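Colleague: Numbering of the sequence shown is given in this note's numbering, commencing with residue 244 and proceeding in unit increments.
Starting off with a structure, shown below.
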Amino acid sequence: MALRRKLIAGNWKMNGLRADGIGLARAIAEHARIGNPACDLLVCPPATLVVPVGEAIAGSGVALGGQDCAPAEKGAFTGDISAEMLKDAGCSYVIVGHSERRHGHGESDDEVRAKVAAAWRAGLVAILCVGETRAEREAGREVVVVNRQLAGSIPGTATADKLVIAYEPVWAIGTGLVPTPADVNAVHHSIRSVIPQGARILYGGSVNPKNCGELLSLDEVDGALIGGASLKADDFWAIAEACR
Ligand code: 13P
Numbered sequence: 244m245a246l247r248r249k250l251i252a253g254n255w256k257m258n259g260l261r262a263d264g265i266g267l268a269r270a271i272a273e274h275a276r277i278g279n280p281a282c283d284l285l286v287c288p289p290a291t292l293v294v295p296v297g298e299a300i301a302g303s304g305v306a307l308g309g310q311d312c313a314p315a316e317k318g319a320f321t322g323d324i325s326a327e328m329l330k331d332a333g334c335s336y337v338i339v340g341h342s343e344r345r346h347g348h349g350e351s352d353d354e355v356r357a358k359v360a361a362a363w364r365a366g367l368v369a370i371l372c373v374g375e376t377r378a379e380r381e382a383g384r385e386v387v388v389v390n391r392q393l394a395g396s397i398p399g400t401a402t403a404d405k406l407v408i409a410y411e412p413v414w415a416i417g418t419g420l421v422p423t424p425a426d427v428n429a430v431h432h433s434i435r436s437v438i439p440q441g442a443r444i445l446y447g448g449s450v451n452p453k454n455c456g457e458l459l460s461l462d463e464v465d466g467a468l469i470g471g472a473s474l475k476a477d478d479f480w481a482i483a484e485a486c487r
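Shown next as structure tokens:
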């Protein structure tokens with residue numbers, strides 16, 4: 244089987260005014276231009292910054308992604324952004340089913356599946372997020388929960404080139420807590436058995452320059468989806484460098 248090239252993705256969430264976002268994007272692009280990264284790099288800025296960030300990273304090899312998309316292609320959906328619009332703005336990826344959407348906006352697996360299908364319709368790679376809550380982890384149900392999310396959120400037409408899974412335990416996001424390497428590997432191993440062969444599985448949740456080396460050395464970990472540490476170009480680059 245072809246080696247899975249690692250993907251280091253920054254989810255900026257709802258952070259950054261224009262000057263910050265463009266500055267961050269330029270700094271990341273500069274690292275990528277001179278640093279010959281050993282992984283694929285992706286930044287997912289807030290929707291207002293997709294276009295200027297796309298301009299700032301042009302020619303650097305860093306890819307651009309959205310943080311969410313609507314199921315529909317267009318129409319009367321105030322406030323929503325379609326996958327086609329993200330594609331048109333220069334994106335090649337979109338994050339869907341992030342726990343902040345599932346929990347904060349009540350998104351169901353059905354809705355997430357429709358968003359994954361929308362991403363594919365528009366020609367985007369979907370980064371599908373799954374992960375258990377603290378209570379589910381304490382009850383030993385992480386694999387059951389993640390399998391249920393995968394079964395409910397992946398359309399039947401999945402192929403490895405258009406699907407990336409991000410395993411993000413809800414309790415590890417923004418908390419500084421990280422599962423043990425063995426726990427990460429175990430959940431990734433279980434995910435791998437139900438997704439197309441060759442699809443990448445990222446780990447997300449409090450990844451930083453200190454812990455990334457161990458996480459990225461795990462055989463089942465094909466990269467990282469990074470929140471807080473992706474807002475500092477040097478930290479983001481340090482994580483990318485751990486893929487070497
Ligand atoms: P943190 O890296 O800030 O924990 O966020 C992880 C995340 O939610 C990425 O999508």
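Using N, Cα and C, we set each Cβ at its ideal position, and we do this for glycine too.
All values reported here derive from a predicted model rather than from experimental measurement.
(1) Spatial neighbours of G395 within its chain, please: C-beta separation below 6 Å, excluding the five flanking residues on both sides.
(2) Out of curiosity, what's the CA-to-CA distance linking G335 and V368?
(3) Under a Cβ-count criterion, where at least 16 other Cβ atoms within 10 Å of its own Cβ denotes burial, should I271 be classed as buried or exposed?
(4) Flag this pair as touching only if the segment 348-367 and the segment 393-411 have three or more C-beta atom pairs under 8 Å; answer yes or no.
(5) Does DSSP put D462 in a helix, in a strand, or in coil?
(6) Regarding S449 and the ligand 13P, is the C-beta to nearest heavy atom distance less than 7 Å?
(7) Only counting runs of 4 or more residues, tell me where the alpha helix (DSSP H) segments fall wholly within the segment 344-379, in order along the chain.
(8) For the pair the segment 408-420 and the segment 360-367, tell me if three or more CB-CB distances fall below 8 Å.
(9) Look at the alpha carbon of L445 and the alpha carbon of E298, and state the distance between them as a whole number of angstroms.
(10) Would you mind sorting H341 into buried or exposed? The rule is 16 or more other CB atoms within 10 Å of its CB.
(11) Considering only residues of the segment 371-434, which uninterrupted alpha helix (DSSP H) runs meet the minimum length of 4 residues and lie entirely inside it, listed in chain order?
(12) Assuming G259 contacts V293 under a Cβ cut-off of 8 Å, what Cβ separation, rounded to an integer in Å, is found between them?
(13) How far does the alpha helix (DSSP H) with A313 in it extend, from its first residue to its last?
(14) Taking the C-alpha atoms as reference points, what is the distance between M244 and E463?
(15) State the beta-bridge partners of C287 as determined by DSSP.
(16) Helix, strand or coil for R443, going by three-state DSSP, please let me know.
(17) Does DSSP put G437 in a helix, a strand or coil?
(18) Are V427 and S449 close, meaning C-beta to C-beta below 8 Å?
(19) Three-state secondary structure (DSSP) at S191?
(20) Give me the Cα-Cα distance between R276 and R380, rounded to the nearest whole angstrom.
(21) Does L468 come out as helix, strand or coil in the three-state DSSP assignment?
(22) In chain order, what residues of the same chain have a beta carbon less than 6 Å from the beta carbon of A361, not counting five sequence neighbours either side?
(23) Keeping to the same chain, check which residues put their C-beta closer than 6 Å to that of C372; ignore five residues upstream and five downstream.
(24) For V430, which residues in the same chain have their Cβ closer than 7 Å to its Cβ, ignoring the five residues on either side in sequence?
(25) Compute every distance between the C-beta of I251 and the non-hydrogen atoms of the ligand 13P, then say whether any falls below 7 Å.
Modeller: Let me spell this out:
(1) Numbered from 1 along the sequence shown, position 152 holds the residue referred to as residue 395. Non-local beta-carbon contacts of G395 in its own chain, meaning distances under 6 Å to residues more than five positions away in sequence, involve D352 in chain order.
(2) The residue given as residue 335 occupies position 92 in the sequence shown. The residue given as residue 368 occupies position 125 in the sequence shown. The amino acid at residue 335 is misidentified as Gly; the sequence shows Ser. When rounded, the distance between both Cα atoms is 6 Å.
(3) Here residue 271 refers to the residue found at position 28 when the sequence shown is read from its first residue. Per the 10 Å Cβ criterion, buried.
(4) Counting Cβ pairs under 8 Å, three or more are found: they touch.
(5) Position 219 of the sequence shown, counted from the first residue, corresponds to residue 462. D462 falls in the coil class under three-state DSSP.
(6) Position 206 of the sequence shown, counting from 1, holds the residue named residue 449. At least one heavy atom of the ligand 13P is found less than 7 Å from the C-beta of S449.
(7) The qualifying runs are 352-365.
(8) No contact exists between the segment 408-420 and the segment 360-367.
(9) Taking the first residue of the sequence shown as position 1, residue 445 is located at position 202. Taking the first residue of the sequence shown as position 1, residue 298 is located at position 55. Rounded to the nearest angstrom, the two C-alpha atoms are 26 Å apart.
(10) By 1-based counting over the sequence shown, the position of residue 341 is 98. Counting Cβ neighbours within 10 Å, H341 comes out buried, since at least 16 surround it.
(11) Qualifying alpha helix (DSSP H) stretches, in chain order: 377-381 and 385-396.
(12) Position 16 of the sequence shown, counted from the start, is the residue given in the question as residue 259. Position 50 of the sequence shown, counted from the start, is the residue given in the question as residue 293. With 8 Å as the limit, G259 and V293 do not qualify as a contact, their Cβ atoms being about 11 Å apart.
(13) Within the sequence shown, numbered from 1, the residue matching residue 313 stands at position 70. Unbroken run through A313: none, as it is neither H nor E.
(14) For this step, residue 244 is matched to residue 1 along the sequence shown. For this step, residue 463 is matched to residue 220 along the sequence shown. With a pLDDT of only 43 at M244, under the threshold of 50, the placement of this residue in the model should not be trusted; the figure read from the coordinates follows. Annotation: M244 to E463 spans about 14 Å, alpha carbon to alpha carbon.
(15) Along the sequence shown, read from residue 1 onward, the residue named residue 287 stands at position 44. When DSSP reads this structure, C287 sits in a beta bridge with N254.
(16) Here residue 443 is taken as the residue at index 200 of the sequence shown, counted from 1. Looking at R443 - three-state DSSP - the assignment turns out to be strand.
(17) Looking up residue 437 in the sequence shown gives position 194. A quick correction: the sequence has Val, not Gly, at residue 437. In the structure shown, V437 sits in coil (DSSP, three-state: anything other than H, G, I, E or B).
(18) One-based indexing of the sequence shown puts residue 427 at position 184. One-based indexing of the sequence shown puts residue 449 at position 206. Contact flag unset, no.
(19) For residue 191 there is no data in the structure shown, the boundaries of the chain being 244 and 487.
(20) Taking the sequence shown and counting its residues from 1, the one referred to as residue 276 is at position 33. Taking the sequence shown and counting its residues from 1, the one referred to as residue 380 is at position 137. Spanning the two alpha carbons is a distance of roughly 41 Å.
(21) Along the sequence shown, read from residue 1 onward, the residue named residue 468 stands at position 225. Strand.
(22) As a working mapping, residue 361 is identified with position 118 in the sequence shown. Excluding positions up to five away in sequence, the list reads C312, P314 and A326.
(23) Position 129 of the sequence shown, counting from 1, holds the residue named residue 372. Annotation for C372: G340, H341, A409 and E411 place their beta carbon closer than 6 Å to its own, counting only its chain and skipping 5 residues before and after.
(24) Position 187 of the sequence shown, counting from 1, holds the residue named residue 430. Closer than 7 Å at Cβ, skipping near neighbours: E385, V386, V389 and Y410.
(25) Counting from 1 along the sequence shown, the entry for residue 251 is found at position 8. Distances between the C-beta of I251 and the heavy atoms of the ligand 13P are all 7 Å or more.
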